[in-house]
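There are 8 protein chains.
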Amino acid sequence: MTEGTARMDWARDARTGLPEAVYAEGKTVAQLIAILSEAAAQDRPLLLTRLATSRLADLPPDLRANLDHDALSQTAIFGTPPQPAAAGVTVVCAGLADMPVVGEAVRTLAFSGVRAQVVTDVGVAGLWRLLERLDELRAARIIIAVAGMEGALFSVLAGLVSAPIIAVPTSVGHGVATGGHVALNSALASCAPGLVTVNIDNGFGAAQSALRILHAGR
Amino acid sequence: MTEGTARMDWARDARTGLPEAVYAEGKTVAQLIAILSEAAAQDRPLLLTRLATSRLADLPPDLRANLDHDALSQTAIFGTPPQPAAAGVTVVCAGLADMPVVGEAVRTLAFSGVRAQVVTDVGVAGLWRLLERLDELRAARIIIAVAGMEGALFSVLAGLVSAPIIAVPTSVGHGVATGGHVALNSALASCAPGLVTVNIDNGFGAAQSALRILHAGR
Amino acid sequence: MTEGTARMDWARDARTGLPEAVYAEGKTVAQLIAILSEAAAQDRPLLLTRLATSRLADLPPDLRANLDHDALSQTAIFGTPPQPAAAGVTVVCAGLADMPVVGEAVRTLAFSGVRAQVVTDVGVAGLWRLLERLDELRAARIIIAVAGMEGALFSVLAGLVSAPIIAVPTSVGHGVATGGHVALNSALASCAPGLVTVNIDNGFGAAQSALRILHAGR
Amino acid sequence: MTEGTARMDWARDARTGLPEAVYAEGKTVAQLIAILSEAAAQDRPLLLTRLATSRLADLPPDLRANLDHDALSQTAIFGTPPQPAAAGVTVVCAGLADMPVVGEAVRTLAFSGVRAQVVTDVGVAGLWRLLERLDELRAARIIIAVAGMEGALFSVLAGLVSAPIIAVPTSVGHGVATGGHVALNSALASCAPGLVTVNIDNGFGAAQSALRILHAGR
Amino acid sequence: MTEGTARMDWARDARTGLPEAVYAEGKTVAQLIAILSEAAAQDRPLLLTRLATSRLADLPPDLRANLDHDALSQTAIFGTPPQPAAAGVTVVCAGLADMPVVGEAVRTLAFSGVRAQVVTDVGVAGLWRLLERLDELRAARIIIAVAGMEGALFSVLAGLVSAPIIAVPTSVGHGVATGGHVALNSALASCAPGLVTVNIDNGFGAAQSALRILHAGR
Amino acid sequence: MTEGTARMDWARDARTGLPEAVYAEGKTVAQLIAILSEAAAQDRPLLLTRLATSRLADLPPDLRANLDHDALSQTAIFGTPPQPAAAGVTVVCAGLADMPVVGEAVRTLAFSGVRAQVVTDVGVAGLWRLLERLDELRAARIIIAVAGMEGALFSVLAGLVSAPIIAVPTSVGHGVATGGHVALNSALASCAPGLVTVNIDNGFGAAQSALRILHAGR
Amino acid sequence: MTEGTARMDWARDARTGLPEAVYAEGKTVAQLIAILSEAAAQDRPLLLTRLATSRLADLPPDLRANLDHDALSQTAIFGTPPQPAAAGVTVVCAGLADMPVVGEAVRTLAFSGVRAQVVTDVGVAGLWRLLERLDELRAARIIIAVAGMEGALFSVLAGLVSAPIIAVPTSVGHGVATGGHVALNSALASCAPGLVTVNIDNGFGAAQSALRILHAGR
Amino acid sequence: MTEGTARMDWARDARTGLPEAVYAEGKTVAQLIAILSEAAAQDRPLLLTRLATSRLADLPPDLRANLDHDALSQTAIFGTPPQPAAAGVTVVCAGLADMPVVGEAVRTLAFSGVRAQVVTDVGVAGLWRLLERLDELRAARIIIAVAGMEGALFSVLAGLVSAPIIAVPTSVGHGVATGGHVALNSALASCAPGLVTVNIDNGFGAAQSALRILHAGR
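Protein chains in written order, with UniProt numbering: chain A, 1 to 218; chain B, 1 to 218; chain C, 1 to 218; chain D, 1 to 218; chain E, 1 to 218; chain F, 1 to 218; chain G, 1 to 218; chain H, 1 to 218.
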């Protein structure tokens, strides 16, 4: 069997304001090489997510040389994206174990030219940590909130600020929280008004949504 | 046992830009009367959601007289909200059975002074119905997409427009789709970029989120 | 078929410090009458839970006359329990729809001679409501926290006070929160230390657990 | 314990029109060797599915020499099947990560003498990719549609063509889509008429079903 | 709120070979009346499914007069469909409680001009009941198999005949089988080759799929 | 649509040693009448389960006159079964709410000529209740254990006696125990050796299994 | 932390007729050594289940020398159990991948002195395989039926024979059948009378139950 | 991406009476080193849970030297905690495989200066094991009960003693019990009064809760 040919959606940017990106998990090496080669041939920058560090060695040196890979977030930027500038997006997380997902969001924003501010480790078990950063959070234009376990951060935050809040539940947790479904359901069932959510661990999707909101405000 | 006293969050508007609202299901008649009386005393308009038509008869005539109740969406507006003006929000739905949820979103927006445009019955089984409305949809500043069953509308729409899209999965469906979880999961697992979602049948929450985005754009 | 004979566990009090109680749901009228008659014959007070108001009419007048039934909590006290005195138990709830469960806990405590303090409607979507009651809550010896939907109250509270906290998730909520599983899982997955939980809507069980803790402190 | 003896269903072809095949996962090496030896002795071609490349080394060289193993689809054909001819079956997939399942379907069809046409990477997030292949798809006699994540492809496709469509949901996806249940449920709950589905990742079963339909048309 | 306007997909027949149909559950009376009126105005026959007998009284007499409603299957045919002729479709069911779903399939086929043969009460607990009808079943061109509980009929049948088999799991069953998920999963996980399935209780969908297969064979 | 004709499995007794029985739920009145008439014509006794008291009025007087209906267990015996004799089967239950399921088992045994001993209300929360009946239980040849909620009775009992134990989990319980899945899973996951289980609330099935064991011992 | 001391239940045999056995998974090497040493000191034979072959090397040579380990079933017999004799137990399985579970049952029976007959690979997709062994199966005193995937074997078999049938669902299967829950639910929801079941892959428990039935027949 | 900076909640002790602790799983080596360094700099003892033995080698020797790591419970104590004294807490477990969770509880208590008594291997399949330790258990001030599989120990124990009982369900078990959900649900659905529970395998949380109860009794 041939491994198939990707049909890159280079026009997505024009249509939706969001650049084409590649979800690397589940793609074969041959498929990734074909995609990167096409991007190189067309001189387009490309974002890759879920690209495990261990797979870098499988790529030919010339392609690898143009990849800026970040081990924490398992993202790679191929080619040269726009220079990021601050745009009012703040990414908040409940605990340190959420940082890979924070990273995926931050890198996705950066790839589209948006520099995010990061506020870490403000889980509600120690509420003072969140409250002492409240001025910063109230100043944000858009907030991406990242939390696992029971995801109580989402509701507390949404009751305190007026910006759009995009919840990213993470798979951080054990027992009933394994896989991130508890945090996801907490975001969905929140008693706080106007909270929206994306899939578990989907920092990429949250960033894409923030970009849509930024475009809407222009 | 006393039935408890509500602590209305009248300051929510100042804090989050969203007015206090009342989820009527599960509240006793005595509790509802106390809440409406407080709103009347303070001369504040109030939105009530999930207020079954059958419960109206339990309210005293003077309170009922100030309630604008809508049977389809099971919402009621108490007092006089601001005059709605168009603000670029479009509410789209896949089928006629989704209309109560559409109604909850539209009425929530109206209560905050935003008049929405409604596009109905554009489910993807007849794709032409969606494509013939595409110009309208591309012109929207924010889209609320409402769909039950398998929720394929969310992905198709998100791939076609650049506005922020808030998915509202509905409990319309049978067999595996009973309760709306299939449509919810389709929104969360969507291959289309930058889609966010709220709880099943939560037209209210989607509207609140749209209001946050409108505020962010100011 | 005969409907069977109850074996009342009158010795439970001596063994576990907790009086025998009767869960009325699912029992036939004949079974309830037999149980109440035995309690009357032995001159023992008895607590009944989940006794729907509509079932009272099925009981003979002489038994009904000795029943103190509370419609909100669907509990009934048969005979004369001890006079309640304050013992440091505070029952907190997130919203008014949680009041039936609050009531079940309060009445169960009262049946064992403990008068509880009640703090209502302090859900975290308006965090100030909780924070303005903080001194009261910090003074409590034991806290029973009652919340539905996403149950964020449990974590926030457990991070703020040092008393034992027993979470009672409630079935208040819709969509993914239907049935109370989201609030239950939030209690179990909480990032706050030392929170314990009971079954959904189980105000009775939470009160029984508080009684065990009170006994342990003697 | 002996590992048991396979009872090959060589008469299946006569009974159902479908040749016997072997699901290799979970079978021991000794069991596989016995099966292949029996096929060799009876001079019958045999299809093996879910045969990991890593297991090939465990087989004796003479058996391995007659195995045509395909690494992408993890299928092997033992002996010489009929020469495939085109019969109007088209296999469509949403993304490149679905190609192993596409491969399983294509190889199963080939083993029964049917050559399939393959259309790859037409996921609905970029609807134009599907629409530009529409003529080809409308010309197909039978369509096997392969998609993971939210599986929106199934509904869109079923609304556009008149051929029988067999959905094969795949386990491609993360978060709520882990394991393929979201795509499966989307196929089952589809608002489009006349869509049928098979188990997750079951390219083999979809091909078998297509063969039944081809036979019915004769 | 207006209740919205249906966009009938009258072109579906040309596009997919399947006539437009209306799922009545969840539609308001006003919506149903509007749809029927449009069908009357355009002189098109229309199939309605899930139309409870109790709702007939809500329709105006002139529309009701043109409705051929079947109480068992909760289907109605509006106007005059083609005269049905035999086409080789056999609908088989495991037990009498499955008959409403059998009826939905049979009526849907009839609406498209196909007369089905029905074989009832051949559940595998008494295998002889199935085996004594085997000749009939082997003569069928397409089989729709309807079963609830554990759905063992699907596998047994698929191992015995060569026709395409469409499984329709039903919600008949109790305990773990409540809702029909066990029968559905049995169809999906079947060890028999080439079985496909539709949603629980979806006799309509199975019939639509059979029509696609009949068209493919022309 | 015709409602279909039952194919009674009168030969089941010869084949499996168990008489044919009728699960009444989901069958129409016409179907029940046809079945009873056939039994009357052939002069065969018949057991009906899940026959709601409210449905009796729908049956013609002559058939109803031969029905011995038991309201607690919702079972009916048509015609004259054998005279029951004691055979060593004991049916044990944890609480009074389990009595309908106990009744279904006892009546099913009686229909096949076996008189069971019943031990009620021996739930493990008051362990002494079980221990004081231990001699009786150890003397039983076969035990059917009926329990809802957490089903701890199954494990405790299986560790104390040597007879075959058939667990019947019941749907008695609330919150996480709604529907009986917790008791079912406790039976399946039991640490006690040699416990078997049947579906939730399936007193009929447990009795049938006990009859098989009795036959095996002959 | 000390790893704890096992309290062997050597009296279980007297109490329940079933010898003490050890579930090795999850126990540390030190715990296993202590248990085997105690058995050696008391000169008692002991059955160990779920003892991975890879763990044998961790045991001291003198203990290992007395272990009869079977790689297929992952069972080990320590010391000398009674000589097995035939007692009418037949273990049937649907496919070769079920053989490890068959082995666990056979070895557990052997440890208690019962030699079982084994019938393999009689899955219902090729019904003739089962039917040609029917005489053997009808002669069995007790049947243990082992099947994964959709578990249709259980219902078919239970409708054909009169012996007690203990279903052992296995985790053989993929997609929706992953983990064995579909086969388990098929056993529980079976339309065939008098079928009982044990936990997934629990060959040990099925054998223990068969031993209880054999004792009951004495 | 930087890996983020922990905000240690050193004031937690003053606020909740419980010292800050670190859940090591999911934290990077750099994050752990930063946390330990801060603890060292501030001369505070620190408890780490879920710290796999294999990760110790990644820590610098000077930090590792101050870590008292326990392999069974995967806990580490950094620095010098208070000398533990007996305080009436008893930790009971059903089987040896539960010992790692017992260990997590015991070590957490020790870190806060409480020495626990441990009672192992008293699962209810051999009830005498529990009953012979009953005097000890009745003397306990607080009981932490640890059990996997079906968790029947919780109910039996709660019916026998008057102390507060905190259930810790464990992930010990297979088939339906995989992951510990059956034991968890048994604790929640228990028919015994006043039982509370924590998350699966959460020995740490149970110990924290016991500390809250001890404080409440002072």
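We put the CB at the ideal spot given by N, CA and C, even for glycine.
Report task. Quick one: using the 10 Å Cβ neighbour count with 16 as the cut-off for buried, is D62 (chain C) buried or exposed? Result -> Under this definition D62 (chain C) is an exposed residue.
Query - L109 (chain E) in three-state terms, based on DSSP - result: Residue state for L109 (chain E) is assigned as helix, using DSSP reduced to three classes.
Query raised in the report: Would you call A14 (chain G) buried or exposed, if buried means 16 or more other Cβ atoms sit within 10 Å of its Cβ?
Result: Within 10 angstroms of the beta-carbon of A14 (chain G) lie fewer than 16 other beta-carbons, which makes it exposed.
Query raised in the report: Can you give the Cα-Cα distance for A41 (chain H) and D201 (chain G), rounded to whole angstroms?
Result: Between the alpha carbons of A41 (chain H) and D201 (chain G) lies a gap of roughly 53 Å.
Query raised in the report: What is the rounded straight-line gap between the Cα of C93 (chain D) and the Cα of T5 (chain D)?
Result: Distance from the CA of C93 (chain D) to the CA of T5 (chain D), rounded to the nearest whole angstrom, comes to 38 Å.
Requested in this report: List the DSSP bridge partners of R212 (chain H).
Outcome: The partner list for R212 (chain H) (beta bridge, DSSP) is empty, contrary to what the question assumes.
**Report entry** Cα-Cα separation, G26 (chain H) to G173 (chain A)
**Finding:** Rounded to whole angstroms, G26 (chain H) to G173 (chain A) spans 9 Å at the Cα level.
Query raised in the report: Helix, strand or coil for D9 (chain C) per DSSP?
Result: DSSP places D9 (chain C) in the coil class of the three-state scheme, outside both helix and strand.
Requested in this report: Examine chain F for any beta-carbon lying closer than 9 Å to the beta-carbon of A167 (chain E), and answer yes or no.
Outcome: Not closer than 9 Å to any Cβ of chain F, the Cβ of A167 (chain E) fails to qualify, so no.
Requested in this report: Name, going along the chain, the residues of the stretch 145-165 of chain F whose beta-carbon falls closer than 8 Å to a beta-carbon of chain G.
Outcome: In summary, the residues of the stretch 145-165 of chain F whose CB is separated from some CB of chain G by less than 8 Å are A158, G159, L160, V161, S162, A163, P164, I165, in the order they occur in the chain.
Report task. In the DSSP assignment, find the unbroken alpha helix (DSSP H) run with R115 (chain C) in it and report its ends. Result -> No alpha helix (DSSP H) holds R115 (chain C); the beta strand (DSSP E) holding it covers 114-119.
Query raised in the report: Who are the Cβ neighbours of S73 (chain A) in its own chain at under 6 Å, not counting the five residues just before and after it?
Result: Counting only Cβ-Cβ distances below 6 Å, and skipping sequence neighbours, we find P100, G103, E104, R107.
Query raised in the report: Within 9 Å (strictly less), CB to CB, does T90 (chain G) reach chain F?
Result: Not closer than 9 Å to any Cβ of chain F, the Cβ of T90 (chain G) fails to qualify, so no.
Query raised in the report: CA-CA distance, A167 (chain H) and R115 (chain C)?
Result: Distance between the alpha carbons of A167 (chain H) and R115 (chain C) is about 27 Å.
Query - For I35 (chain F), the three-state DSSP class (helix, strand or coil) - result: I35 (chain F) falls in the helix class under three-state DSSP.
Query raised in the report: Would you call the stretch 128-146 of chain F and the stretch 179-188 of chain H in contact, with 3 or more CB pairs under 8 Å?
Result: With fewer than three CB-CB distances shorter than 8 Å, the stretch 128-146 of chain F does not count as touching the stretch 179-188 of chain H.
Query raised in the report: Does the stretch 74-90 of chain F come close enough to the stretch 35-53 of chain F to have 3 or more Cβ pairs within less than 8 Å?
Result: Touching, yes, given that three or more Cβ pairs across the two stretches are closer than 8 Å.
**Report entry** Contact set between the stretch 183-202 of chain D and chain B, restricted to residues whose Cβ is under 9 Å from the partner
**Finding:** Those would be A183, L184, N185, S186, A187, L188, A189, S190, C191, A192, P193, in chain order.
Report task. Would you please state the rounded distance, in angstroms, between the beta carbons of V29 (chain D) and D70 (chain D)? I believe it to be under 8 Å. Result -> At roughly 20 Å, the Cβ-Cβ gap does not stay under 8 Å, so V29 (chain D) and D70 (chain D) are not in contact.
Report task. Could you tell me the boundaries of the alpha helix (DSSP H) in which P81 (chain E) lies? Result -> In the DSSP annotation of this structure, P81 (chain E) is not part of any alpha helix (DSSP H), being labelled neither H nor E.
Query raised in the report: Which residue spans inside the stretch 119-182 of chain G form an unbroken alpha helix (DSSP H) run of at least 4?
Result: Correct list: 127-131, 134-139, 152-158.
Query raised in the report: How big is the Cα-Cα spacing for S209 (chain G) and L195 (chain F)?
Result: Between S209 (chain G) and L195 (chain F), the C-alpha separation is close to 6 Å.
**Report entry** Residue span of the alpha helix (DSSP H) that contains A65 (chain D), given as start and end
**Finding:** Element bounds for A65 (chain D): 61-65.
Query raised in the report: Going by beta carbon distance, what residues of the same chain come within less than 8 Å of Q31 (chain H), once the five residues before and after it are set aside?
Result: Hits under 8 Å: E3, G4, A6.
Requested in this report: Would you identify the three-state DSSP class for G103 (chain A), choosing helix, strand or coil?
Outcome: The answer is helix: DSSP assigns G103 (chain A) an H, G or I state.
Query raised in the report: Who pairs with D43 (chain C) in a beta bridge, going by DSSP?
Result: For D43 (chain C), which the question treats as bridged, DSSP gives no partner whatsoever.
Query raised in the report: Taking 9 Å as the CB-CB cut-off, is A97 (chain G) touching chain D?
Result: Answer yes: the Cβ-Cβ gap between A97 (chain G) and chain D drops below 9 Å somewhere.
Requested in this report: Would you list, in chain order, the members of the stretch 108-136 of chain B that have their beta-carbon closer than 7 Å to a beta-carbon of chain D?
Outcome: Cβ proximity to chain D below 7 Å picks out G123, V124, A125, G126, L127 from the stretch 108-136 of chain B.
**Report entry** Distance, G17 (chain H) Cα to W10 (chain H) Cα
**Finding:** Across the structure, W10 (chain H) and G17 (chain H) are spaced so that their CA atoms are roughly 11 Å apart.
Query raised in the report: For the beta strand (DSSP E) that C191 (chain F) lies in, which residues bound it at each end?
Result: C191 (chain F) -> no beta strand (DSSP E), and no H or E assigned at all.
Query - Distance between R12 (chain E) and G159 (chain B) (C-alpha atoms, nearest Å) - result: One C-alpha to the other measures close to 24 Å.
Query raised in the report: Taking C-beta to C-beta, are residue 222 (chain H) and G95 (chain H) nearer than 9 Å?
Result: The question about residue 222 (chain H) has no answer, for chain H in this structure spans 1 to 218.
Requested in this report: Kindly indicate if chain B contains any beta-carbon less than 9 Å away from that of V22 (chain C).
Outcome: Put simply, the CB of V22 (chain C) is far from chain B, with every gap to its CB atoms at 9 Å or more.
Requested in this report: State the beta-bridge partners of V29 (chain G) as determined by DSSP.
Outcome: Note: V29 (chain G) is not bridge-paired with any residue in the DSSP secondary-structure output.
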